[in-house]
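One structure is given here, and the rest of the page talks about it.
Number of protein chains: 2
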Amino acid sequence: MTDYSPFFTPLGIAIVGASASPEKLGYGVARNLVNSSYSGAIHFVSHRAGNLFGRPVYPDLASVPNPVDLAVLIVPAPGMAAALRACAGRNIHAAIVMSSGFREAGAEGAALEAGIVEIARQHGIRLIGPNCIGLLDTHLPLDTTFLPPPMPPKGDVAFISQSGAICAAIIDWARGQGFGFSRLISLGNQADVNETDMLAAVVEDENTRVLTLYIESVADGRRFIEEASRVTRRKPVVALKVGRFEAGQKAAASHTGALAGSDTAYEAAFRKAGIFRAATSEEMFDWASALASCPLPAGRGIAVLTNAGGPGVIAADALETNGLHLAKLADSTRQRLAGLLPPAAGLNNPVDMLASASPEDYAACLRLLLDDAAVDGVLLILPPPPMHPAESVAEAVIPLIRASGKPVLVALMGEALIQEAAERFRRARVPEYRFPERAASALAVLAERAEFLSHVEVRRTTPTGSDSSEDQVRLTKPDQAVRCDAPSLVAAYGIPAAPTKLAQSASAAVQVAAELGFPLVMKIASPDILHKSDAGGVTLGLRSEQEIYLAYTEMMNRVTTAAPQARIEGVLLQRMVPDGQEVIVGMVRDPQFGPLMMFGSGGVEVEGLKDVAFALGPLDQAEASDMIRRTWAGRKLRGFRSLPPADEAAAADVLVKLSRLAFDHPEIAEIEINPLRVLSQGAVAVDVRLKS
Amino acid sequence: MTDYSPFFTPLGIAIVGASASPEKLGYGVARNLVNSSYSGAIHFVSHRAGNLFGRPVYPDLASVPNPVDLAVLIVPAPGMAAALRACAGRNIHAAIVMSSGFREAGAEGAALEAGIVEIARQHGIRLIGPNCIGLLDTHLPLDTTFLPPPMPPKGDVAFISQSGAICAAIIDWARGQGFGFSRLISLGNQADVNETDMLAAVVEDENTRVLTLYIESVADGRRFIEEASRVTRRKPVVALKVGRFEAGQKAAASHTGALAGSDTAYEAAFRKAGIFRAATSEEMFDWASALASCPLPAGRGIAVLTNAGGPGVIAADALETNGLHLAKLADSTRQRLAGLLPPAAGLNNPVDMLASASPEDYAACLRLLLDDAAVDGVLLILPPPPMHPAESVAEAVIPLIRASGKPVLVALMGEALIQEAAERFRRARVPEYRFPERAASALAVLAERAEFLSHVEVRRTTPTGSDSSEDQVRLTKPDQAVRCDAPSLVAAYGIPAAPTKLAQSASAAVQVAAELGFPLVMKIASPDILHKSDAGGVTLGLRSEQEIYLAYTEMMNRVTTAAPQARIEGVLLQRMVPDGQEVIVGMVRDPQFGPLMMFGSGGVEVEGLKDVAFALGPLDQAEASDMIRRTWAGRKLRGFRSLPPADEAAAADVLVKLSRLAFDHPEIAEIEINPLRVLSQGAVAVDVRLKS
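Residue numbers (our numbering), protein chains in the order written: chain A, 4 to 695; chain B, 4 to 695.
See below:
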């Protein structure tokens, strides 16, 4: 693993391209670095020698005194190669390339970018950028950006961004919100260092408790999942991934391919890696502040404490919407609340203390709720009580919240009248939100984090050696859709498939039937007939050699009448599979993340019903079961009305094995079992289709 | 229609219970009224005579000089009856009862509330409250609340709230956001005046352009829909309805009943009335400010103008998420943009001007986009350009935005650096949002409003006389689930039903068969057999009297073996219905809103698949078609793969007729046709179940 420490704890920084002209970036960077109280050495380099902020400006890197181990490079793109060579000459192995004019500017820029990457590799220099706004550490402190001062407040949330503009806007927004950061990193074009590198590096920062991520794409999907899985076991990660609706739907050969949108794989990757995916920027930071400062709840039962009915109802709704529920309070809690509150108060959860509630009432009721074993967390709602300032309530409850082992989130409703209270909550590191809905969403993420940590095992993110690798089947028809009935491929991975064989004459059919055993189903084999039964090309329940012979002759007559132009290759004979529930199991290979598995309601209507779930391979049994339960087809496997239960574990096993097959056979682009018939014991692949 | 003008344009106001003690509500109200610059007469009434804010305090209402036509009553609950009688004595017909201690405080308070309502009715007094925080009009101006000053800024959005606490918090929040209101009304217990009354009254206010509504329930569902439908044709209404997850699921006799949650009817009512339903308070006001000040778009094609890639991608995602799309720019527009912008700029929508964009660039590009016929609206993204203050961009674009007939919404990203720009946009009445996602959501509502106004016909909200009322069928078994096969009830409304008759012996079956005609299906008739086919109780394709006779005997043998305890009433004979697509059509009567209609995928898995749509009756053909297209079952009616198209119009017709039946028969609680078989021409009810 690379040592990124010169980026984060440099002994000395050289700003190459420092400038005395306030409209230049090189001025802003110099100003911020000087103002940031960075305690290491600061060196300015520029063609125009002289003084800047009371420090000497050196004509070149070579003239800079020691120590210097980080370079911030703000020179025109064509001069960047020389600047990097100068870094190598000074034994500098970390450079932040801020200048633009590279890949983002067209072909010429891309060539320049390739050039500087090559030089960096040659000399062992790691490079952030180009075309970025630098990085910032509020604790060291260190500020290599050119953004208008002051720095954002100190905090424990790190933000890694693939967009410089988002980074700048977030810094400014956070400042206004009093939201603190530990580190901010603008990745720019990611010619070298990318989001995955930074995740792995920043998790080591002791001042960072939560990592947040703005990404448009990842450089290497599998590596991202591996690193992120390691990171999320230590600290929570919240990501905002944009570019959900990329144009350019590829032509898919299977239902799985058609249903997997460009965003599905990212969704599955985040799930696999244990990353929380926020829908909006606001949500990302709402969640991050709760994750950074709250204890995790033991369950999903939440108490709502309010001084008014309306906000209590909003909170109750929002808890349900977010998959939490109102805790059922113990009788003893309710009795004690009754002793404290006026007769008209609401003692059921939400607890409505009424508008007369004093700061002392807030504190006393909160204590009772936190003491109730059924309560896993509290949503405290604070529209300023008519007779008391909101800050006095804040003062009364903060010590309880800080001392509690359960999370308490505050919905501090209003604006002007709650500023002082907001300030006190922030100082005490108690997350507060303007609306109950946002607090409820943050509480839900705390519950998810708790569940993630309690369930996490060391799940494999790449498959270990397959136990059936010696059985690998070579595919004979690459680059076209092949339909194999009950194929040996899935069978080689231990997925039971209905034995199927091709016969090209009536007498061959009789012979094949004798091999397979009865009862049998006969299907026409033709690349030109999509809907076999419509063309009279399916006969079920054949039980003797005589029936087979007859069925062959009749089928040929029917089909050649119904579809005279179709090429007929013969018939497929398949052992009849016992009754069971039919589902679809499929895999489509995502270019970034590899095998993306699907499970759901099969049949021809799969794309209409959209009752499917996706997950990234490799799957273990638990992940496969989780996918199954996310669909109606899967929940139905446990039995539904007159439908007897089917073997859910066998269906999960097929998913696990199919994912292993997908890893062993990178030449397969899509594979789909539709239907997989799930029996009372076991499951059988009735029809398998694949595309290489 | 009642005249509510004394509430909104009183000539003189008496505050009964005015107080000189700052901790009393009667002090706050007096202070606010005096400070509000209200131009009418202000009178104070209190037992303690004297002076208050330089005005005399009268000992009783009788002593107050004219004019006085509105009373604000702040006396203890037990004295309220007397206070109202005193109002009657002064010919005052409008009273705001602020005091609490009524219904919200228990049985005793409820009795007091009933008492004051009776007195008000006797004397023709309209009453807002009790237990409310009053009302406020920023334009008159008038402030009868006791909330801390100052009043919220003037604006054109009215807010009607069933929660006083929400009202207070919103006022404070709005003040901080610079968000203006026209009127605010706190409804309190709604002993008399309710949300529907106020919707109808406030739409008349010329200073109000948008109505917003916080509600927990409505007093009278049908009246609410009628009034709201009238209001939304004139001005947009945005509602936040809470209490989505009320406990107490009733026992349902049908799939329709089981699938209709307590919130489904509200969702359908808002859709029917043309009300926009916001998910959160923030969203409500985000939408309201756009609706109040923007022209409506002609379509859903939006251009994004940005100076950075990241926010552009976020905006593109958010547009898609909200059902809008990126407009395809004309070649000429792209050429002109190319002439203005640097070579690396993004000329496809989103248009990325790059960080160097000046205020002039913003204005010039915005003009080009607004001139493009494919562009129905613009989302302008403004992270402060590194080299220019955000307010200079605001100055440059505001005149264009104000002059444009197309909506332009601004995502002003950041906080500290954009305050001045935010201020200018607000003053110019250009809606601005901190995040592109919120701006996109507001743009979508503008598009919905435009579509609503263009499609709106004078739809009936209560049914006109049914053309089949003379055919009304009296139900014989009230209060229990009755299964009637192909019943005469739906047939009387012109819904074709497969003719079905009961036969209680083999020879009777033969006779019935002769009446019905062949082919027939025979089903066991037994209240104890739920799944008939499992018990051998269904035989299809009976084509002769002989087959009928035989089938009867065999069925009785099978069924009595399979279910020896079951009561057997005979067999039902039904004409076989041709092949078609099977759907479910149902109605459940909502206690508030009346007949709630359902359409979707039928069969036994209807509750698992949840492929259903709801709408409130009465339905016209267009509403029914809209419901159908919201489901996969409905979209499939147009044909899917080998499935031939079925008669969508006939299915819609069944919905329309079933809704009429439901209005004619208030004694029916639930009715369900499952399946309705939709044929290539027409549709036939195969099985009908109802509950009285």
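Backbone N, C-alpha and C define an ideal beta-carbon position, used for all residues, glycine too.
Does residue i get closer than 7 Å to chain A when you measure Cβ to Cβ?
i: L332 (chain B); result: no
i: P58 (chain B); result: Going by the sequence as given, residue 58 (chain B) is Arg instead of Pro. It does not: the Cβ of R58 (chain B) has no partner Cβ on chain A nearer than 7 Å.
i: A242 (chain B); result: no
i: T563 (chain B); result: no
i: A168 (chain B); result: yes
i: L420 (chain B); result: yes
i: M416 (chain B); result: yes
i: F438 (chain B); result: yes
Residue i bridges to which residues according to DSSP?
i: P598 (chain B); result: B:R592
i: S604 (chain B); result: B:V586
i: N54 (chain A); result: A:P59
i: F184 (chain B); result: B:K157
i: T563 (chain A); result: According to DSSP, T563 (chain A) bridges with nothing at all.
i: I99 (chain A); result: A:V75, A:I131
Starting from residue i, follow the alpha helix (DSSP H) in both directions and report where the run begins and ends.
i: N35 (chain B); result: 28-38
i: K275 (chain A); result: 267-276
i: R430 (chain B); result: 422-430
i: T324 (chain A); result: 312-324
i: A301 (chain B); result: From DSSP, A301 (chain B) is part of no alpha helix (DSSP H); its letter is neither H nor E.
i: L262 (chain B); result: 258-262
Could you tell me the alpha carbon to alpha carbon distance between residue i and residue j, rounded to whole angstroms?
i: T479 (chain B); j: T634 (chain A); result: At T479 (chain B), the pLDDT of 37 sits below 50, so the modelled position is not reliable and the matter cannot be decided from this model.
i: V541 (chain B); j: I527 (chain B); result: 7 Å
i: C135 (chain B); j: F617 (chain B); result: 35 Å
i: N310 (chain B); j: E418 (chain B); result: 17 Å
i: F288 (chain B); j: T215 (chain B); result: 8 Å
i: G573 (chain A); j: L327 (chain A); result: 58 Å
i: A80 (chain A); j: G191 (chain A); result: 14 Å
The beta strand (DSSP E) with residue i in it runs from where to where?
i: A44 (chain B); result: 44-48
i: P678 (chain B); result: 673-681
i: V541 (chain B); result: 541-545
i: Q577 (chain A); result: 573-578
i: F162 (chain B); result: 160-164
i: A686 (chain B); result: 686-688
i: G380 (chain A); result: 380-385
i: L449 (chain B); result: Where L449 (chain B) is concerned, there is no enclosing beta strand (DSSP E), although the alpha helix (DSSP H) it sits in stretches over 439-458.
Taking only beta-carbon atoms, is residue i less than 7 Å away from chain B?
i: T215 (chain A); result: no
i: L612 (chain A); result: yes
i: E398 (chain A); result: no
i: R247 (chain A); result: yes
i: A172 (chain A); result: yes
i: E219 (chain A); result: yes
i: R633 (chain A); result: no
Can the beta-carbon of residue i be found closer than 7 Å to that of residue j?
i: L340 (chain A); j: L371 (chain A); result: yes
i: L158 (chain B); j: T147 (chain B); result: The residue you asked about is not Leu; residue 158 (chain B) is Gly in the sequence shown. Contact flag unset, no.
i: F184 (chain B); j: F149 (chain B); result: no
i: D379 (chain A); j: P300 (chain A); result: yes
i: A276 (chain B); j: A231 (chain B); result: yes
i: P603 (chain A); j: V591 (chain A); result: Before going on, a small fix: residue 603 (chain A) reads as Gly here, not Pro. Not a contact, by the Cβ cut-off of 7 Å.
i: V120 (chain A); j: I99 (chain A); result: no
i: L505 (chain B); j: A516 (chain B); result: no
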